[in-house]
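Quick notes on the structure that follows.
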Amino acid sequence: MTKLAKLLKKETWELPWRREIRLRDKRIAEADALIARLVAAVAERTEGVVKPGHPLADAVAVEVDRGPKEQGTVFAFGGLAGHMHIPAAEFRKALSARSYAVVFAKDLFQVWYQKGLPGLANSREAVAPALKRRFGHLPRPWYAIGASAGGFAAIVFGTGLGVARVLALSPRTVVKRETANIYRQTALLDPSLDPMAPLSDCRDALAESGYKNPLWIIYGVRNPFDRLQAKRLKDHPGVEMMPVNTPGHSVGAVLKRASLLDPVLDAFFCGDTSAARTHIERMNDPCPATT
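Per my numbering, the very first residue in the sequence shown carries number -2; after that it's consecutive.
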């Protein structure tokens, strides 16, 4: 028997690269377990809700920003990176400046809210009822806004909350294994993500809730994946498709660079679809009229 055969026969032997992968996976699992315990401890201490700027805000699922003269409430949902295509603090400031109470929810485990909001809800299907119970006293009308995975959440939870309007920027409208694998390459995702979990498809959420209020979807028309995701919902009642002439995913940042994010938000809160389309079409036109 050759030396190689003898080595392969040993039960304790393993290829170096396999050992590295095993140790890496073990370290990741240990880190995930520690994070879960920390999040649970923080959720117990804060009941899952704090004000912006709180020392524990990064580890808490929901931040609530109240103002003196609120004319409604915005439920904003962060994406996998916790932002809204622009920094979350900047987005919250833009909303509160319009005299809205802001409930900003974050997916702490980066699993498309499959694990809910620690301290409030422990599953995706429990999020909307939990938000309604906890924040039902906040002024109406209610709105839901989100970008990317947060756009998915705005649709799923906004429809469950019965908001007046939903604004989804480049939303992921279905969570599939392929989608999860793409994001695992670029983001620290919890390996427990289950594409078969309830409410993994925005179509199901819309059908179950019977939601027919306005749902604005703004997406990069030259981004094939975003275009495909958006068009899955185009035939649902109330959906307004607003393509932006960009190959990028972060359409919120694109609108901001064009100084159009604020006008589009104003149009959204007023329910002025034609004004929003005019702003976006002007940006899309490579040779806008000068008259």
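Ideal placement from N, C-alpha and C gives every residue a C-beta, glycine not left out.
- Sequence-distant partners of VAL160 (beyond 5 residues in either direction) whose C-beta falls short of 6 Å from its own C-beta, in its chain, are TRP139, TYR140, ALA141.
- For ASP62, the enclosing beta strand (DSSP E) begins and ends at 59 to 62.
- Taking 9 Å as the cut-off, the Cβ atoms of GLY64 and ALA91 do not count as close.
- In this structure, DSSP gives LEU77 a state outside helix and strand, which the three-state scheme calls coil.
- Pairing ASN220 with ARG42, the inter-Cα distance amounts to about 42 Å.
- As far as DSSP is concerned, GLY245 takes part in no beta bridge.
- Where LEU203 is concerned, the enclosing alpha helix (DSSP H) starts and stops at 199 to 206.
- Shown here for ALA151: same chain residues with a beta carbon closer than 6 Å to its own, the five before and five after excluded, namely PHE74, ALA141, ILE142, GLY143, VAL163, ALA165 in chain order.
- Of all alpha-carbon atoms in ALA118, HIS246, ALA272, PRO211, the one lying nearest the alpha-carbon of LEU230 is that of PRO211.
- In terms of CA proximity to ASP269, GLU237 leads the group GLU237, HIS246, ASN281.
- For the pair VAL46 and ALA58, the CB atoms are nearer than the 9 Å cut-off.
- Around the beta carbon of LEU20, fewer than 16 other beta carbons sit within 10 angstroms, so the residue counts as exposed.
- Around the beta carbon of GLY155, 16 or more other beta carbons sit within 10 angstroms, so the residue counts as buried.
- By the beta-carbon neighbour count (other beta carbons within 10 angstroms, threshold 16), ASP62 is buried.
- Looking from the CA of GLY245, the closest CA among TRP109, LEU257, TYR216 belongs to TYR216.
- In the structure shown, GLU237 adopts extended strand secondary structure according to DSSP, grouped into three states.
- Under the three-state reduction of DSSP, VAL171 is assigned to strand.
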